[in-house]
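Following: one structure in structure tokens, then a few remarks.
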Amino acid sequence: MSPTPLFTAPSPSAPAPATTKYVLPPPDKLALLISNSKSTKQLLKLHGALYRHNLHQHPSLNFHLLRSYSSLNCLHYSITLFNQNSNPNIFLYTAIIHCLAQQNLHQQALLYYSQLLADSLQPNAFTFSSILKSCPLKPGKSLHSQAIKFGFDEDLYVRTCLVDVYARGGDILSAKKLFDTMPEKNLVSSTAMLTCYAKHGQIAAARELFDEFREKDVVCWNVMIDGYTQHGFPNEALALFRRMLKTKVRPNEVTAVAALSACGQIGALESGRWIHSYIENLGIKLNVQVGTALIDMYSKCGSLEDARLIFDKVNDKDVVAWNSMIVGYAMHGFTIDAIRLFNEMLRIGLKPTDITFIGILNACAHAGLVDEGWRFFNSMKDEHAIEPKVEHYGCMVNLLGRCGQVEEANKLIKNMKVQPDSVMWGTLLGACSLHGNIDLGEEIAEYLVSQNLANSGTYILLSNIYAAKGNWDGVAKVRTLMKDSGVQKEPGCSSIEVNNKVHEFLAGDLRHPKSKDIYMMLDKINGWLKARGYTPKTDIVLHNIVEEQKEQSLEVHSEKLAIAFGLISTQPGTTIKIVKNLRVCPDCHAVTKLISKITGRKILMRDRNRFHHFVNGSCACGDYW
Ligand code: ZN
Ligand code: ZN
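Following the working numbering, the numbering of the sequence shown begins with 35 at its first residue and continues without gaps.
Spelled out as structure tokens, the structure:
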């Protein structure tokens, strides 16, 4: 089949029409006209004129035409134009390679590169920097040897592109070697190297390089702030963001998204709100990315109302924005709202993703909706062609375990197509312990220990199961095993934001300048609890949340210190918002319920699993988390 002709312009052999008697501008003016063309129509008209004046093989004009077609999204015209050239020179080759590489068509760009070599042409520095742009690592490596062969590997632009190729490809050592031996470093190569460090978790190296930059543009600030956010250093991200604001560099959408995400991680609502109004004042548009970051920040910081306000305000929401809102509702245990939003999403024709289902299944798990959970889970494959991943199975195991359907959960794990992870086994083990399925629990715990997948929780649950069976030898064995394995417990840490500052507390912490007042408040709380006949829940090992040491005095758990600090440093009636890195323990949960009743304060606590809303003596989680 012969290809459809792309040009309406007359072919060179066609007789020139009588109307072409006017004089064409000189080639340099024509080149400018071509480069400034705003539409394909305009370009085709000029192209036709070149044909009529027999200028259609003019090398420089062809070069400009080729690039202009491509920049007007008509790459096929550029390709045809190139192919019609009987004797393309290196500039035309470089131009077509540049256009193809810009559209990420590396295979085709490489084909033209080998063709130019076959035509006995010499590539130049621009040919290399064009073809290396967003080139994958493997062909990038052979192009690197080509650049050495033709003597362009030390050219500033070629070297910058090479650093970028190795950095993007994850070959940090080669990237660093090339970067370090650069005769002269520029902002682009430094940013490429910085991106490489941050992407690969080498945050300290990234920061060192970042501090060396003499001038920093918004891109390198963004790379560093985002690097901190992505690798779990939200406090460092926010500190750097604040430093950026003191410079003349203006933050953009990317900066806003990274800084908001950092606020979400630490639950810093005041800071998040401040950034929100700051970006509004800067005139940063509420596009879908910024909107999603705000929804995420507000729901993670405990303000679902604000999250929903933003959700309703953002135009052209994509599935990521919908997912954020659904996940937000799920996290807070607002199951009905999550399901309602999910149905609304389907109604308007948006295709749910696997994240949508993690949200919706978690929502069902938090409310113990087994039938709905199964319905959603089955619909993933049946109606939406999404293969459930280990996380989805995990949600179902959690849901079934919560409702006491431990055997059912075990059956699900045994029959699933994916490999179970230790989190899933841990969930089932917790459910076994909670519902008294001693034999299955013992089987799972022993399996986890034998596979080296046990954490401190596993050992405590196993020891507990043995104790319940009266197997005291077993208990002693587990204690020794645990000691020998050197399993470390992640220390519990709770934070609270007061006056734009995040205060962190570890269990029994004495580092806070207001420690004396905090412990006085704790004494007061204990007095209230005693007066109401409260007895501490020392049997926490029976619960599936066993991440905090039992030996640690319950009274000084980190969340209690954070609440005490909140009580003494905020106005009566203010909601207290706590973020805990682990799951809240049953004693802290029970105590927080009572504190909410005694003080009349609403207390919002985000733990590793979900949000707890303590109001007037009860929690929205219904005491299951
Ligand atoms: Zn506790
Ligand atoms: Zn709760």
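The C-beta atom is built at its ideal place from N, Cα and C for all residues, glycine as well.
The alpha-carbon separation between H366 and A401 amounts to approximately 11 Å. Annotated three-state conformation of L106 is coil, per DSSP. Not a single heavy atom of ligand 2 lies less than 6 Å from the C-beta of C622. Scanning its chain for C-beta atoms nearer than 6 Å, with the 5 sequence neighbours on each side dropped, one finds around V536 the residues I300, A302 and S529, in chain order. When secondary structure is reduced to three states using DSSP, L150 falls in the helix class. Beta-bridge partners assigned by DSSP to H646: M639.
7 Å or more divides the Cβ of K614 from the Cβ of F648.
By the Cβ rule, the segment 496-512 does not count as touching the segment 544-563, because fewer than three pairs are nearer than 8 Å.
Taken in chain order, no unbroken stretch of beta strand (DSSP E) lies wholly in the segment 112-150 with a span of 3 residues or more. Within the same chain, Cβ atoms closer than 8 Å to the Cβ of P61 are found at L89, H92, S94 and L95, the five residues on either side in sequence being excluded.
Contact between H178 and L196 holds: their C-beta atoms lie close to 6 Å from each other, under 8 Å. Around the beta-carbon of G428, 16 or more other beta-carbon atoms lie within 10 Å, marking it buried. Under the three-state reduction of DSSP, V348 is assigned to coil, being neither helix nor strand.
If only uninterrupted alpha helix (DSSP H) runs of at least 4 residues are considered, those enclosed by the segment 248-289 are 252-264 and 268-279. M216 is a Cβ neighbour of R193, given a cutoff of 7 Å. Note: H537 is bridge-paired with I530 in the DSSP secondary-structure output.
Contact annotation, E593 with I610: C-beta distance approximately 10 Å; criterion of less than 8 Å not satisfied. In the DSSP assignment, K614 falls within the unbroken beta strand (DSSP E) covering I610 to K614. Judged by DSSP secondary structure, L446 falls within the alpha helix (DSSP H) whose first and last residues are V440 to N449. At the C-beta level, F125 and F162 stay beyond 7 Å of one another. Remark: the C-beta of C619 is outside contact range of ligand 2, defined as less than 6 Å to any heavy atom. Residue burial is scored here from C-beta neighbours: T461 has at least 16 other C-beta atoms within 10 angstroms and is therefore classed as buried. In this structure V283 touches D251 by the C-beta definition: roughly 7 Å separates them, less than 8 Å. Taking C-beta atoms as the reference points, V440 and C398 fail to come closer than 7 Å.
S549 has no beta-bridge partner at all, per DSSP. DSSP, reduced to helix, strand and coil, places C653 within a strand of the structure shown. In the assembly as shown, N121 is an exposed residue. Its beta-carbon has fewer than 16 other beta-carbons within 10 Å. When secondary structure is reduced to three states using DSSP, F391 falls in the helix class.
In this structure, DSSP gives I318 a state outside helix and strand, which the three-state scheme calls coil.
C-alpha of K63 to C-alpha of S104: approximately 20 Å in a straight line. E242 sits in a helix when the DSSP states are folded into three classes. For H418, the shortest C-beta to heavy atom distance toward ligand 2 is 6 Å or greater.
Taking E287 as the centre and dropping the five residues before and after it, the same chain places the C-beta of I318, K319, N321, Q323 and V324 closer than 8 Å to its C-beta, in chain order. Excluding five sequence positions before and after V532, the CB atoms of its chain that fall closer than 6 Å to its own CB belong to S603, given in chain order.
Of the residues assessed, I637 falls on the buried side of the cut-off, its CB having 16 or more other CB atoms within 10 angstroms. Beyond the five residues adjoining it in sequence on each side, Y231 comes within less than 6 Å, by CB distance, of A239 and A240 in the same chain, given in chain order.
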